[in-house]
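Using our numbering, read the first sequence as starting at 13 and increasing by one per residue.
Worksheet: the structure to be examined is printed underneath.
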Amino acid sequence: MAASTAPPSGMRDFLPEDVRRREYVIGIIKRVYERYGFEPLETPALENLETLLGKYGEEGDKLIFKILKRGVHEITGEADLALRYDLTVPLARVVAEYQPPKLPRLFKRYQIQPVWRADRPARGRFREFYQCDVDSLGSTSPIVEAELCAAVADAMRALGFPDFILRLNHRGLLAEVLTICGVPADRHAEVLVILDKLDKVGLQRVSDEWVSKGGVTAAALEGLRRAFEPLPPNVDSWAKLEQIGDIFKKIGPEPSSIETLRQIRRLTERTAAFDHLTFDSSVARGLGYYTGAIMEVNVADLAGSLGGGGRYDNLVGIFLGQQIPACGFSLGLERILVVMTERGMFPPSLATSPADVMVATFDAAGAGPAMRLAGVMREAGLRVMVYPDPDRIGKQIKYADGRGIPFVAILGEDEINAGTVTVKNLAAKTQQTCRQDGAAAAILEGLSTRG
RNA sequence: GCGGAUGUAGCUCAGGGGUAGAGCGCCUGACUGUGGCUCAGGAAGUCGCGGGUUCGAAGCCCGUCAUCCGCCCCA
């Protein structure tokens, strides 16, 4: 059998049209993050395996792509390197590795790079995919959370999403709720993983799984169902937070996590995030390293989230020995692209033509003048390609038309002798012969009136 | 990891034991300095791969791989 030319399963080639769409989205996100004072960072595709192991929970470890050691270990299967699984753990490593003045005491960075997971591919899920991360390190202030929410909301709006929701919750609050419901601490992780599916499968199935897989007792289940039942449509989610607070106050002090969530909300009041921010007791997040506020961004027409994040105050400490508080958010580029493509959210100006004008010639004698004319038009700001072969002129025009190139500049013997060029407008089916130094202006004029 | 479907020309797909097909695309010409329309012609497939049944397999049987859709998990 001929070797398959398809890329590896779950990975993709990005053809020119794909790249333009991706760069459009990435450009918008970068510009928004820069406006908030985040700085760019890039890290290697590979990390030492030890750096990654144990940071993502039990499931996470299995999904890490491992790289075999060279030499005899290719037979034993021993691995020492791995493809990065996310951008957060490499960030924590970087922050542990470089201290001031190489990195500031308060470090705000964004990072848009691919990550790899040995997952089963599905719609909107790949084995190689881009994340757009933004994180703040060095402060425990809820201003950090509020600013991240604002930046993410700003980015979403700049991309053209009017309808997303930012769901906010707190790992500390979840732990307290589970505890007063009588779920033992060593069961928390399992119960939370099941809870995370609530908006997809509903309370009944979550309850069933809590009992069958989470080992939740009948007594505990009663409390859990009350704490996590979905809100009726027009109930204010923040009233639910107060409700939970009231329950705690009956039996003791209110957990500090509740006040933290209130503060985050208040701090977003004058930001792009406020109208989108809801409290949702069922947001749990799969990753193991979160310690405080957690959040997710969702739209109605995509099961699963467009992105998520939270506070992880202990992760840097694992590498450094000394705690550095941190909080971040990750937008999933692929999922954003899926939804934007389905909704037709890309501007027409992304239309895929490789050039504004193609220079067509008849024979080798035209090559020099064609190159010279192309150069002049490029200096005028046009995107210009020179058709390289002496094909029939009809074939050349057909090529330009097929590629969506709007103008063809024809340089034949007559034009070369007269110092002119025939500029053909393919869409309008018109053409005019003008002086070569006037061609660029004529084309720019034609482009601007095309809309 | 489990269930279901599909693999035939570059693309979309028909054909269900007896010479490998269509539409679109591509190439050539009618039209040797002008694209979309028309007409005439042309190239192109070890029918996913391996084995079996048969005088004969793209088709039937077994295996295998790949892709897609559900379940599960995540960005």
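Glycine included, C-beta positions come from ideal geometry on N, C-alpha and C.
Given the structure is predicted, the values throughout are model-derived calculations rather than measurements.
Partner residues in the beta bridge of E308, as assigned by DSSP, are R179 and G320.
Short of 7 Å from the beta carbon of H288, and not among the five residues preceding or following it, lie these beta carbons of its own chain, in chain order: A165, F176, I177 and L178. For N246, the secondary structure class from DSSP, reduced to helix, strand or coil, is coil. Scanning C193, E254 and D248 for the CA closest to the CA of A230 turns up C193. Fully contained in the stretch 168 to 223 are the following alpha helix (DSSP H) runs of length 4 or more, in chain order: 183 to 193 and 200 to 207. Counted as a single uninterrupted DSSP element, the beta strand (DSSP E) harbouring R121 occupies residues F119 to W128. M357: not part of any alpha helix (DSSP H); DSSP gives it neither H nor E.
Membership of F341 in the beta strand (DSSP E) is indicated by the continuous run A338 to G344.
Here DSSP, grouped into helix, strand and coil, assigns R415 to coil. Taking all protein chains in view, the Cβ of T17 is surrounded by fewer than 16 other Cβ atoms within 10 Å, so the residue is classified as exposed.
Bounds of the alpha helix (DSSP H) holding V107 are T100 to E109.
Judged by DSSP secondary structure, D426 falls within the alpha helix (DSSP H) whose first and last residues are E425 to A430.
DSSP places F240 in the uninterrupted alpha helix (DSSP H) bounded by A230 to F240. Close CB contacts of P102 within its chain, under the 7 Å cut and outside five residues either way in sequence, are with T55, E59 and R96 (chain order). The bridge partners DSSP lists for L149 are F119 and A338.
In this chain, the alpha helix (DSSP H) harbouring F331 covers L327 to L332.
If you check the CB distance, L327 and Y68 do not come in under 7 Å. Straight through space, the alpha carbons of S317 and L243 are spaced by roughly 19 Å.
For the options G184, P400, L93 and K120, the alpha carbon positioned closest to that of A163 is the one of K120.
The stretch 127 to 141 makes contact with the stretch 17 to 33, as at least three CB pairs between them are under 8 Å.
Judged by DSSP secondary structure, Q448 falls outside any alpha helix (DSSP H); it is assigned neither H nor E.
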